[in-house]
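The structure under discussion appears below in the form of structure tokens.
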Amino acid sequence: MPKRLYFFDEGDGNNKRLLGGKGAGLCTMAQLGLPVPPGFVITTEVCREYYEAGGRLPNGLMEEVVQAMKKLEKITGKGFGDPKNPLLVSVRSGSMYSMPGMMDTILNLGLNDETVEGLARLTNNERFAYDAYRRFIQMFGKIVLGVDGKKFEEIFERQKERVGAKFDTDLKASDLKEIVSKFKELVRKETHRDFPVDPYTQLELAIGAVFASWQNKRAVEYRRFYKIPDYLGTAVNVVTMVFGNIGEDSGTGVAFTRDPSTGEHKLFGEFLFNAQGEDVVAGIRTPLKIEDLNRRYPWIYNRLVEIAEKLERHYRDMQDIEFTVERGKLYMLQTRAGKRTAQAAVKIAVDMVVEGLIRKEEALLRIEPAHVEQLLHKQVDPKAKVTVIAKGLNASPGAAVGKVVFDSERAKEMGKAGEKVILVRPETSPDDVGGIIASQGVLTSRGGVTSHAAVVTRGLGKPAVVGCEAIKIDAEARRFEVDGIAVKEGDLITINGTTGEVILGEAPLIEPRMSPELLTILSFADEVKKLQNWANADYPRDAKKARELGAQGIGLCRTEHMFFEEDRLPLVHEMILGKTVEERKKPLEKLLQIQKNDFKEILEVMDGLPVIIRLLDPPLHEFLPKYEKLLEEVIELRLKGTDPDGLKKKEEMLKRVENMREANPMMGLRGCRLGITYPDINEMQVRAIFEAACELKREGKDPRPEIMIPLVGHVNELKVVREQLEKVAHEVMQKHGVDLKYKFGTMIEVPRAALTADEIAEYAEFFSFGTNDLTQMVFAYSRDDAEGRFLFQYIERGILEADPFQKLDQKGVGKLMKIAVDLGRSKRPDLEIGICGEHGGDPQSIEFCHELGLNYVSCSPFRIPVARLAAAHAALKSKEPEKQAYSMA
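Residue numbering for the sequence shown follows numbering that gives the first Met the number 0, beginning at 0 and increasing consecutively.
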């Protein structure tokens with residue numbers, strides 16, 4: 000039978016899968032000689048046995064636990080259930096992956112009416128003993144016995160009011176005894192049985208409850224969001240209790256070895272005197288900064304700094320540590336990799352490379368593409384005049400605007416409906432995780448920078464302002480007040496997680512700038528990645544931004560977007576309404592000059608880099624007014640009878656639109672079909688491209704245009720169009736006496752093109768996968784209809800794993816892409832191949848493109864930094880020997 004229990008001095012601290020993160024950390028700290036209270040871990044495999052047995056502890060487990068407790072009694076010199084010298088333990092969860100606050104913990108286990116008296120005598124502190132007892136009954140009653148936690152809180156708060164106690168610590172021993180008595184009455188009333196007094200019964204029930212908490216609602220929601228597998232299970236840690244609530248020489252705290260918001264290399268955290276661990280993380284009391292511990296007890300603070308440095312050197316990562324001080328002695332209760340903001344993650348990774356703790360490749364793999372995305376979060380415009388109504392602690396940076404909501408269920412409803420909300424709570428608990436995920440950001444009136452709200456929002460990359468004590472929340476009335484200002488549910492506010500400010504109304508937000516550390520990480524990425532990162536850019540301003548963000552080319556310039564500009568539409572209408580080449584000639588000549596200027600600016604911005612320009616793709620009627628709207632206008636003019644000339648023009652337009660209407664325009668007269676039917680439009684565009692490029696070449700620039708012929712499904716389409724356009728290109732170059740580097744290629748967006756890619760490669764010097772249309776055609780989904788009508792339900796019901804327009808469908812669309820790559824390069828080995836659909840900015844899709852051997856991925860300019868990192872990750876994760884050999888420079 001596999002070993003089920005491990006004491007901290009014997010467990011393998013590297014085996015988080017078996018011992019869970021908390022248990023593995025306790026084993027490591029104990030074996031490093033750090034002050035850890037004695038204890039043992041019940042493995043995650045037992046959790047799986049628990050569920051296989053239908054929610055019961057496996058046979059023989061409690062016998063092993065009893066033997067382990069006997070050993071613990073020898074180590075500590077105390078007795079479990081001994082009224083004279085009681086051993087008390089905590090029973091704590093701990094999964095392989097950090098899930099802060101999602102599962103349950105029970106402290107002070109082993110107390111009853113006899114052992115509490117023994118604890119009081121031993122510590123000479125009756126108040127402390129009964130405070131520990133009331134905490135135990137409250138936690139055990141809620142977690143194990145299923146009593147509504149609010150009922151305990153109501154009893155506790157009524158007692159405080161009755162005796163005039165402002166803080167929990169103002170309650171006397173006699174008050175706490177009365178609370179204990181009322182808590183036991185509540186348990187009897189709610190469960191119809193007495194509170195269990197036998198310590199082993201308490202322990203057995205607690206172990207089962209911690210295993211059961213793996214499947215509670217908040218833990219399941221958290222796992223679903225972070226894609227943590229359900230089968231992993233949680234370990235259970237049984238740890239000798241140490242007490243931070245004995246008096247003012249005791250306390251509890253949470254610390255990070257570096258600042259989790261900024262990444263600054265200094266101890267960062269919070270501490271509460273005369274408190275237990277839950278008081279800090281639950282946000283019930285607003286804690287002191289860790290520096291206050293230094294002022295009161297510098298020797299404890301210095302020892303904590305020393306331990307923090309030792310742990311960071313061991314794990315080679317920033318640690319989140321929990322500790323307790325009992326009567327001046329420091330104990331370590333937990334260490335784990337600390338949750339951090341994107342800004343901190345990047346700074347810590349770069350700093351650790353500089354410090355020699357990690358290599359560049361490790362630094363890159365520690366930064367998720369989502370971190371880069373978060374760093375591009377908006378901030379409140381510093382020049383804007385805003386109404387700051389309150390200030391709290393800046394727990395998670397970035398700014399967010401949204402409607403105020405006061406409960407998580409409402410936040411989820413509104414978020415699902417597409418509304419932007421800010422969750423406002425006195426403090427958040429693990430039950431609020433679904434609401435936090437659905438919100439733009441979080442505002443709390445209590446808690447510190449290590450509270451639940453702060454930790455969870457930092458992990459999600461959402462802004463948070465916590466401990467904002469100035470706001471008085473009335474959750475029942477769904478409003479909060481601050482200095483006479485009332486904010487109701489549904490009102491707009493802005494929170495600034497960078498400064499801690501709460502702003503009335505919608506503040507203007509601005510785009511952030513990239514930090515020096517982010518630029519360094521991206522430079523590391525550029526050293527390793529094999530895929531180039533190109534951008535989709537339709538205007539010079541987009542191209543400029545793309546180049547600033549590290550684009551190595553333009554993968555898609557959609558010329559139709561230029562046609563939609565207000566000053567050009569009349570010319571486009573005139574061109575479309577022309578029935579003959581002669582009638583289209585005049586507007587095309589004017590458009591030629593306009594397009595030439597457009598192309599010249601973009602080619603100049605991207606000097607020396609390739610620019611793929613797609614010829615006109617959409618059906619012509621998309622540039623004309625909608626048929627239904629035109630019909631209404633014609634009927635109205637006929638009825639009025641006051642504008643015969645206007646009526647004639649509208650009727651002519653209506654007739655033309657009617658003639659051009661198609662049953663299925665996405666598969667109708669568009670793309671290369673349009674170029675074959677109306678060759679003069681394509682010729683005008685190519686002439687404009689080459690005129691612009693030739694002028695730039697003569698000015699000493701290095702333009703590199705690549706002309707994309709869209710929607711090719713048959714090689715003959717490409718052959719006809721390319722032959723027609725090559726003549727124009729040579730004519731313009733000859734006229735200017737200039738030789739240009741240029742290419743003609745096509746977009747692979749029709750399944751037949753992928754399946755006959757070897758034929759198409761004879762006439763195409765590059766392929767660019769248009770995965771938006773390719774996905775539509777492979778699935779036979781109209782994207783607009785699918786996303787609005789059934790796609791969400793497909794994902795909810797598990798029919799599809801993900802939205803195929805956001806995550807590339809590797810089994811279907813991806814298979815066609817592989818066929819196209821293999822066939823295309825079999826005919827033309829140097830074929831340039833990229834992707835320019837929206838998948839070009841998705842990290843998973845980028846990894847797939849790397850595996851296919853594409854040359855580049857193209858995405859929107861603002862996603863270029865994300866795509867650069869994703870391309871580096873793809874290279875580092877691949878098994879090619881030269882990539883594995885990448886070393887620290």
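Note that the Cβ used here is the ideal one computed from N, Cα and C, for glycine as well.
**Message:** Under 8 angstroms: do the segment 237-252 and the segment 310-324 share three or more Cβ pairs, one atom per stretch?
**Reply:** yes
**Message:** Since Met746 and Arg862 should fall inside the 8 angstroms C-beta cutoff, what is the C-beta to C-beta distance between them, to a whole number of angstroms?
**Reply:** No, Met746 and Arg862 are not in contact; Cβ-Cβ is about 20 angstroms, not under 8 angstroms.
**CA-to-CA distance, Leu17 to Asn124, given in whole angstroms** = 40 angstroms
**Given 8 angstroms, three or more beta-carbon pairs between the segment 734-744 and the segment 753-767** = yes
**Request:** State the DSSP-derived secondary structure class of Ile357, mapped to helix, strand or coil.
**Result:** coil
**Prompt:** Quick one: what's Cys858 bridged to in DSSP?
**Reply:** Ala534
**Message:** Rounded to whole angstroms, what is the Cα-Cα separation between Ile634 and Leu623?
**Reply:** 18 angstroms
**Message:** For the pair the segment 677-697 and the segment 728-738, tell me if three or more CB-CB distances fall below 8 angstroms.
**Reply:** yes
**Request:** Drop a sphere of 10 angstroms on the beta-carbon of Trp298, count the other beta-carbons inside from all chains shown, and report buried for 16 or more, exposed for fewer.
**Result:** exposed
**Asked** With a CB to CB cut of under 8 angstroms and the five nearest residues on each side skipped, what residues in its chain are close to Lys589?
**Response** Leu570
**Message:** Taking the beta carbon of Ile178 as the centre, do at least 16 other beta carbons fall within 10 Å, making it buried, or is it exposed?
**Reply:** buried
**Request:** Below 6 angstroms CB to CB, which residues in the same chain sit around Gly140 once its five sequence neighbours on both sides are set aside?
**Result:** Val146, Val186
**Request:** Count the C-beta pairs between the segment 772-783 and the segment 717-731 that are closer than 8 angstroms, then say yes if the count reaches three, no if not.
**Result:** no
**Message:** So, does the segment 256-274 touch the segment 72-79, judging by three or more C-beta pairs under 8 angstroms?
**Reply:** no
**Message:** Within the continuous beta strand (DSSP E) that includes Ser767, where are the two ends?
**Reply:** 765-768
**Message:** Short of 8 angstroms in beta carbon distance, which residues of its chain neighbour Gly246, apart from the five on each side in sequence? Order them along the chain.
**Reply:** Asn124, Phe127, Asn273, Arg326
**Request:** Report the option in Lys628, Leu629, Leu646 whose CA atom is closest to the CA atom of Leu636.
**Result:** Leu646
**Phe317 vs Glu308 beta-carbon contact at 8 angstroms** = The question names Phe, but residue 317 in the sequence shown is Met. Not a contact, by the Cβ cut-off of 8 angstroms.
**Prompt:** To the nearest angstrom, how far is it from the Cα of Ala344 to the Cα of Arg257?
**Reply:** 10 angstroms
**Asked** When burial is assigned at 16 or more other CB atoms within 10 Å of the CB, is Gln883 buried or exposed?
**Response** In this prediction, Gln883 has a pLDDT of 38, which is less than 50 and means its spatial position is unreliable; nothing more can be read from the coordinates.
**Message:** Taking the straight line between their C-alpha atoms, what separation do you get for Glu488 and Thr43?
**Reply:** 43 angstroms
**Item:** Cα-Cα separation between Ala469 and Lys390, rounded to whole angstroms
**Value:** 8 angstroms
**Request:** Classify Ile366 as helix, strand or coil using the three-state DSSP reduction.
**Result:** coil
**Prompt:** Can you tell me whether Pro85 is buried or exposed, with buried defined as 16 or more other CB within 10 angstroms of its CB?
**Reply:** buried
**Request:** Apply the 10 Å Cβ neighbour rule to Asp174 and answer buried if 16 or more other Cβ atoms are within range, or exposed otherwise.
**Result:** buried
**Message:** Using C-beta distances below 6 angstroms, list every residue in its chain close to Gln373, excluding the 5 sequence neighbours before and after it, in chain order.
**Reply:** Ala341, Gly460
**Message:** Using only the alpha-carbon positions, how far apart do Ser428 and His451 sit?
**Reply:** 6 angstroms
**Message:** Just verifying my parser: in three-state terms, what is the DSSP assignment at Met887?
**Reply:** Bear in mind that a pLDDT of 30 at Met887, under 50, signals an unreliable position, so the number given afterwards is only what the model happens to contain. Correct three-state label for Met887: coil.
**Prompt:** Thinking C-beta only, is Val349 closer than 8 angstroms to Glu516?
**Reply:** yes
**Identified DSSP bridge partners for Asp556** = According to the sequence as given, residue 556 is Cys; it is not Asp. The partner list for Cys556 (beta bridge, DSSP) reads Ile612.
**Within 8 angstroms, strictly: CB atoms of Asp520 and Ala369** = Sequence check: residue 520 is Ile here, not Asp. In this structure, Ala369 does not lie closer than 8 angstroms to Ile520 by Cβ.
**Beta carbon of Ile388 nearer than 8 angstroms to that of Val501** = yes
**Prompt:** Does DSSP put Met101 in a helix, a strand or coil?
**Reply:** coil
**Message:** Between the alpha carbons of Gln809 and Phe847, how many angstroms are there, rounded?
**Reply:** 8 angstroms
**Item:** Residues near Ile227 in its chain [Cβ-Cβ closer than 6 angstroms; skip 5 each side]
**Value:** Tyr96
**Message:** So, at 6 angstroms on beta carbons, what are the nonlocal neighbours of Glu426 in its own chain, with the 5 sequence-adjacent residues on each side left out?
**Reply:** Gly282, Thr443, Arg445, Gly446
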